[in-house]
Amino acid sequence: MINETRWDKSMEEPIINEWVKKKLYSFEDNSKKPVYSIDTPPPYINTPIHIGHGYTFICMDMMARYKRMKGFNVLFPLGLDCNGLPIEIQTEKQFNVSIRTTPREEFVKKCREMLDETSDISTNGFKGLGIGFNDYEFDYSKIGSKYRTDDPEYRALTQKTFKDAWDKGLIYEDNKPTNYCPVCRTTIADSEIDYKEEKSALNDIKFKVKETEKDIIISTTRPELLNSCQIILFNPNDDRYKNLQGKHAILPIYDREVLIKAHPAADKDFGSGLVMICSFGDTTDIRLFIELGLEPIYSINEEGKMMKVSGPYEGMNVKDARKKIIEDLKEKGFLVDQKIIDHRTPVCERSKNPIEFIAMKEFYLKQMDWVSKVRKAADEIEFYAPESKQLLLDWLNSISIDWPISRRRYYSTEIPIWYCKKCKYTYVNDTGKYLRPWIDSCPLKKCPKCNSNEWEGEKRILDTWFDSSISELFILGYDSNPKFFKNNYPCTMRPQGKEIVRTWLYYTILRGLQLTETTCFKQAWIHKHVVDEQGYKMSKSKGNGIDPRELISKFGCESIRFWTAMEGDITKGDIRCSFTRVEGAGKFISKLWNIARFISGFESVSKEPKELNKTDEWIMNELNKVLKDCDNHYNNYDFNGVAKIIRNFVWETYASSYLEMVKRRAYDKDSSALYTLYKSFKIILLTLAPIIPVITEKLFKEMYSSESIHLQKFPESGETKLSELTSKIIEFNSLVWAKKKEGNKSLKDSIKIEIPKELILFKEDLTNMHNIE
RNA sequence: GGGCUUGUGGUCUAGUGGUUAUGACGUCGCCCUUACAAGGCGAAUGUCGCCGGUUCAAAUCCGGUCAAGCCCACCA
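So for the first sequence, this note's numbering puts the first residue at -5; every next one is plus one.
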């Protein structure tokens, strides 16, 4: 008998702690079960996890729990993403230091310190949500261990995969214009660019044509790049300018002459129809410079300041230089008009600062040659929801350059290269160990080419995505456990957000193909966002994020989890988070508890009677049907479907109708009734266990077994014949209740009513239930 | 500029041609019925974004339109 009259969220913590202590969900090393592997997205450790993280991890946890009950050996490690700019920025804030003025060794130490401190916060957040990771401790000798991407074990693999790609000729260094963020002072990839709608001034500037001495007008938003102009274009169909072909224009202020040429890139209808191409105002400029074989004239340096070539503006930052040159142009009569236009500016995803295009020597990973292979791989992956595949295909269609992978920052995996000081021989770390070339000495004593023993270590680090794009290789033991890897690659499931399809999913597939020649996932589950009550995206800068720990302390883990399942299908659309809805979901937890209290008040009968009463047979049939439906929905990762079906069944059919019908016989200790009550409720608990693991665990242990519910098999469904009577039964019961209400009678009072013919099977129970005369 | 997705009572949501449109949350009214007032019964709230078409019949199919969101793009 369950004594506590109410389920209370304070009962959750001891149960969850016991799971963690007993390592209930450990990955089974020597098991014969098929492996189901989930490559979880390592969340940035220093961002306090918000409800969006919580929500999606709960979904992944439901997958893991369901698959465990279906007999799989589930690989579900907790990973923490500990590399990259956000870590550095957080460290700068927390210790009030600057990466520019702090020695590298000290800064890196501080990053590590900051991460160690915050590591528990997020870990505890996940525990509190009842997430059944394999392990909450680091133990890299074991499959399924918790891991950090900045630990030597992980970074060693990152470097090894760099070496592998290097040996395959997939990595090269090149000096070409790249996206550069002057604030973060590093090269960034196309996938790290955001766009911001901004008002900017479109300036109409007067140029003189050398040959004719006539004026032409050119519109630009980047007048500060004037002296980087190498050509002026007009559209070949633009009759106004046909006479300018091959002539030259004189740049105002700088008095340099540039060629005028016809080219389809110029739009007749924009501005005057003439466009100046500078190195480099935007990506079009870059493309045209390459296409027309022009020599770039760089005017912005890596600090975001104007270079010598810009003359009087040297040393100014871009914004000031723009302001000043506009003033100067105006003063000298070159500026004829200025319009404010809406302009889509590419900005750095992290700093939100406009990016510049600067030529830098950087390492690139080849990806242009791989696009069609990745497209083929996309066809091999099952997407949930299927429409999500389009996100990946759209991205594939827009890839235009190889992936720049080197960064000029500190906290990420170091590029494992040493250069011979004498002959420039390049050595790539081949030791299998994690090494830091900026501080560690080269493993080779002598240069194999010139015998010199003086080496210079590479100072740059790798893009964070170069780390994260091998997570599935890491968790499956690509390097550490080749036998296991061979048997269990590709990874079963990649769950992740839609916003990182063009990064995490794409890069992982790309690198998986390059390293293993195999599509690395069988399935991908792409979720949309959890947004706030108004439908706005939660973000740190807006401050509208909801900390799940706040929700846990208010409503408890189970309410949040049931809300997660009830709210909607996150692969189909955004989910709004509202406190009242979480609270509402919690009512079902109470309902379940009270049903358990009712049943546990009777003696448990586990031996099946020879013959079941028809009411009991009916509820088992109906439950079988529900079970079958739930199983289907679980298989499609549609937890919303499961939750809605089982909630409706438990509340409307099971509690309202069945329990009332069976009550009399239960009090009379009828063995068919008692057996069925216990049996049916057990199936209900098992079906709900992946969604609400804590309360089902508690009730299961109180009523059925000392063993955890999470070690049980998912129930099999059986006969469903009588379930077609369900709606008739509910209809009849409602009718009786309505009649009594109409007649102002208490539910105890007797009533004269005829039982419908098709329900005559249940005559005895219905008569007792409604006190029918 | 192109593409994709979405638009159903105050809020969220089911519903891919067929009787008075599903359910939940919230609101209101009545009711302690030996598991549950964190419950039960019941009520109100909708021109299914707008316009037009196909059809005996449209929330559902088609065309257009508006709005929101996302993705992509070389308009300086």
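Note that beta-carbon positions come from the ideal geometry of N, C-alpha and C, so glycine has one too.
- Item | Distance between beta carbons of A353 and P97, contact taken as under 8 Å | If you number the first sequence from 1, residue 97 lands on position 103. If you number the first sequence from 1, residue 353 lands on position 359. With a contact defined as Cβ atoms closer than 8 Å, P97 and A353 miss out at about 29 Å.
- Decide if S465 is buried, meaning its Cβ has at least 16 other Cβ atoms within 10 Å, or exposed. Translated into positions along the first sequence, residue 465 becomes position 471. Buried: at least 16 other Cβ atoms inside 10 Å.
- Query: How big is the Cα-Cα spacing for K593 and E710?
  - Reply: As a working mapping, residue 593 is identified with position 599 in the first sequence. As a working mapping, residue 710 is identified with position 716 in the first sequence. According to the sequence shown, residue 593 is Ile rather than Lys. The alpha-carbon atoms of I593 and E710 are separated by roughly 22 Å.
- Task: Could you give the DSSP three-state label for V768: helix, strand or coil?
- Result: Residue 768 is absent from the model: the chain starts at -5 and stops at 767.
- Query: Can you tell me where the beta strand (DSSP E) with E448 in it begins and where it stops?
  - Reply: Translated into the one-based positions of the first sequence, residue 448 becomes position 454. Taken as a continuous stretch (DSSP letters only), E448 belongs to no beta strand (DSSP E), as it is neither H nor E.
- Message: Counting C-beta neighbours from all protein chains within 10 Å, is the total for D662 16 or more, i.e. buried, or is it exposed?
- Response: Your numbering for residue 662 matches position 668 in the first sequence. Classification of D662: exposed, given that the 10 Å Cβ count is below 16.
- Would you give the residue range spanned by the alpha helix (DSSP H) that F573 belongs to? To locate residue 573, count along the first sequence from 1; it is residue 579. Run containing F573: 573 to 594, per the alpha helix (DSSP H) assignment.
- Output yes or no for whether 9 Å exceeds the beta carbon distance between C105 and Y405. Here residue 105 is taken as the residue at index 111 of the first sequence, counted from 1. Here residue 405 is taken as the residue at index 411 of the first sequence, counted from 1. Contact flag set, yes.
- Item | Where the alpha helix (DSSP H) through A256 begins and ends | In the first sequence, residue 256 corresponds to position 262, counting from 1. From DSSP, A256 is part of no alpha helix (DSSP H) but of the beta strand (DSSP E) over 251 to 256.
- Message: Three Cβ pairs or more, each shorter than 8 Å: is that satisfied between the region 109 to 125 and the region 437 to 451?
- Response: Because the criterion of three Cβ pairs below 8 Å is not met, the region 109 to 125 and the region 437 to 451 do not touch.
- H337 burial status per 10 Å Cβ neighbour count (16 or more: buried): Counting from 1 along the first sequence, the entry for residue 337 is found at position 343. The residue in question, H337, is exposed, as its Cβ has fewer than 16 Cβ neighbours within 10 Å.
- Neighbour-count burial assignment, L729, 16 or more Cβ in a 10 Å radius: As a first step, residue 729 is located in the first sequence; it is residue number 735 there, counting from the start. So L729 ends up on the exposed side.
- Query: Does DSSP classify D209 as helix, strand or coil?
  - Reply: To locate residue 209, count along the first sequence from 1; it is residue 215. Reduced to three states, the DSSP call for D209 is strand.
- Task: Taking 8 Å as the threshold, find out whether the region 654 to 661 comes into contact with the region 630 to 644 through three or more Cβ pairs.
- Result: no
- Query: Can the beta-carbon of Y30 be found closer than 9 Å to that of F66?
  - Reply: As a first step, residue 30 must be located in the first sequence, where it is residue number 36. As a first step, residue 66 must be located in the first sequence, where it is residue number 72. Taking 9 Å as the cut-off, the beta carbon of Y30 is found closer than this to the beta carbon of F66.
- Sequence-distant residues of the same chain with beta carbon closer than 8 Å to M301, five excluded per side: For this step, residue 301 is matched to residue 307 along the first sequence. Sequence-distant Cβ neighbours of M301 in its own chain, meaning closer than 8 Å and more than five residues away, are Y292, S293, I294, N295, E308.
- Query: In three-state DSSP terms, what is L545?
  - Reply: As a working note, residue 545 is residue 551 in the first sequence. The three-state reading of DSSP puts L545 in helix, counting H, G and I together.
- Assess, as a yes-or-no matter, whether the region 5 to 18 is touched by the region 46 to 54 under the definition of 3 or more beta carbon pairs within less than 8 Å. no
- Query: Are the region 145 to 165 and the region 456 to 474 touching by the rule of at least three beta carbon pairs closer than 8 Å?
  - Reply: yes
- Task: Kindly indicate the opening and closing residues of the alpha helix (DSSP H) around I747.
- Result: In the first sequence, residue 747 corresponds to position 753, counting from 1. First-last for I747: undefined, no H or E at that position.
- Message: Taking only three categories from DSSP, how would you classify I(-4)?
- Response: Position 2 of the first sequence holds residue -4. I(-4) falls in the coil class under three-state DSSP.
- Report the option in S392, N391, A372, I393 whose CA atom is closest to the CA atom of K383. The sequence position of residue 383 within the first sequence is 389, counting from 1. Out of S392, N391, A372, I393, A372 has the C-alpha closest to the C-alpha of K383.
- Message: Nearest by alpha-carbon distance to P489: which of I10, D2, A58 is it?
- Response: Taking the first sequence and counting its residues from 1, the one referred to as residue 489 is at position 495. Of the candidates I10, D2, A58, the one whose C-alpha sits nearest the C-alpha of P489 is A58.
- Message: Report the start-end ranges of each alpha helix (DSSP H) in the region 348 to 383 that is 4 residues or longer and not cut off at the edges.
- Response: Runs of the alpha helix (DSSP H) inside the region 348 to 383: 365 to 374.
- Task: Return the Cβ separation of R401 and D331 in integer angstroms, given the expectation that the two are a contact with Cβ distance under 8 Å.
- Result: One-based indexing of the first sequence puts residue 401 at position 407. One-based indexing of the first sequence puts residue 331 at position 337. Rounded, the Cβ-Cβ distance is 42 Å, inconsistent with contact.
- Query: What is the DSSP secondary structure of T513, reduced to helix, strand or coil?
  - Reply: Position 519 of the first sequence, counted from the start, is the residue given in the question as residue 513. Coil.
- Query: Are the CB atoms of T180 and L79 nearer to each other than 9 Å?
  - Reply: On the first sequence, residue 180 is found 186 positions in, with the first residue counted as 1. On the first sequence, residue 79 is found 85 positions in, with the first residue counted as 1. Their beta carbons are under 9 Å apart, which means T180 touches L79 by this criterion.
- Query: W397: which of I182, K190, W449 sits nearest, CA to CA?
  - Reply: Against the first sequence, residue 397 aligns to sequence position 403. Closest option to W397, Cα to Cα, is I182.
- Query: Mapping DSSP to helix, strand and coil, what is Q332?
  - Reply: Within the first sequence, numbered from 1, the residue matching residue 332 stands at position 338. Note: Q332 maps to strand in three-state DSSP.
- What's the gap between the Cα of K208 and the Cα of G240? Your numbering for residue 208 matches position 214 in the first sequence. Your numbering for residue 240 matches position 246 in the first sequence. The alpha-carbon atoms of K208 and G240 are separated by roughly 15 Å.
- Message: Let me confirm a value: D33 is counted as buried when at least 16 other C-beta atoms fall within 10 Å, else exposed. Which label applies?
- Response: As a working note, residue 33 is residue 39 in the first sequence. If you draw a 10 Å sphere on the C-beta of D33, you find 16 or more other C-beta atoms in it, and that means buried.
- Task: Run the CB neighbour count on R142, radius 10 Å, all protein chains shown included, and call it buried at 16 or more, exposed below.
- Result: Within the first sequence, numbered from 1, the residue matching residue 142 stands at position 148. Buried, since its Cβ has 16 or more Cβ neighbours within 10 Å.
- the region 256 to 276 touching the region 224 to 243, judged by at least three CB pairs closer than 8 Å: Verdict: yes, contact present.
- Within the same chain, show all residues whose beta-carbon is closer than 6 Å to that of N(-3), passing over the 5 residues directly before and after it, in chain order. Against the first sequence, residue -3 aligns to sequence position 3. So no residue of the chain qualifies.
- Item | For V68, three-class secondary structure by DSSP | Numbered from its first residue, the first sequence carries residue 68 at position 74. Three-state DSSP puts V68 in a strand.
- Task: Let me know the secondary structure DSSP gives F708 once reduced to three states.
- Result: One-based indexing of the first sequence puts residue 708 at position 714. Here F708 sits in coil by DSSP.
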